[in-house]
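Notes to accompany the following structure.
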Amino acid sequence: MVSDMENRSINTFSDYMSDETRVSSAERGRINFEIALIGKMIEAREKKGLSQRELAKICGVKQPAIARLENMKATPQIDTLFKVLQPLGYTIEIVPLQGGTA
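Taking my numbering, I'd label the letters of the sequence shown as residues 916 to 1017.
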């Protein structure tokens, strides 16, 4: 017999992400962080008027690697993030969570 949870249809990414049986809270946080990070990186590149190829030339990361990052087909490594973000005028910073304790 199929339980109600197993029978519940997943029609959208949001449905999938909100299903605790499929995505844990920790996984959801990591995914949302990565989406925001990559979104900001794309926004910064476009604001500077740079193509992926131009950014690649400036930062020394190959264009296909930038495309994989922007398409979320690769998890960004910290050293790559620093290389890509620096010419865009950004860096990475660790800050306390809102309401969290340091």
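Every residue gets a Cβ at the ideal spot worked out from N, C-alpha and C, and that includes glycine. On a predicted model such as this, the values are computed, not experimentally measured, just so you know.
Start and end residues, alpha helix (DSSP H) containing V999: For V999, the enclosing alpha helix (DSSP H) covers residues I993 to L1000.
Three-pair Cβ contact test at 8 Å for the region 934-942 versus the region 967-976: By the C-beta criterion, the region 934-942 is judged not to be in contact with the region 967-976, since fewer than 3 inter-stretch pairs fall below 8 Å.
E949 beta carbon less than 9 Å from that of T1006: No, they are not a contact pair.
Spatially closest choice to N986 from L952, G964, E969 and G1014, by CA coordinates: Of the candidates L952, G964, E969 and G1014, the one whose C-alpha sits nearest the C-alpha of N986 is L952.
Three-state secondary structure assigned by DSSP to N986: Three-state DSSP puts N986 in coil, outside helix and strand.
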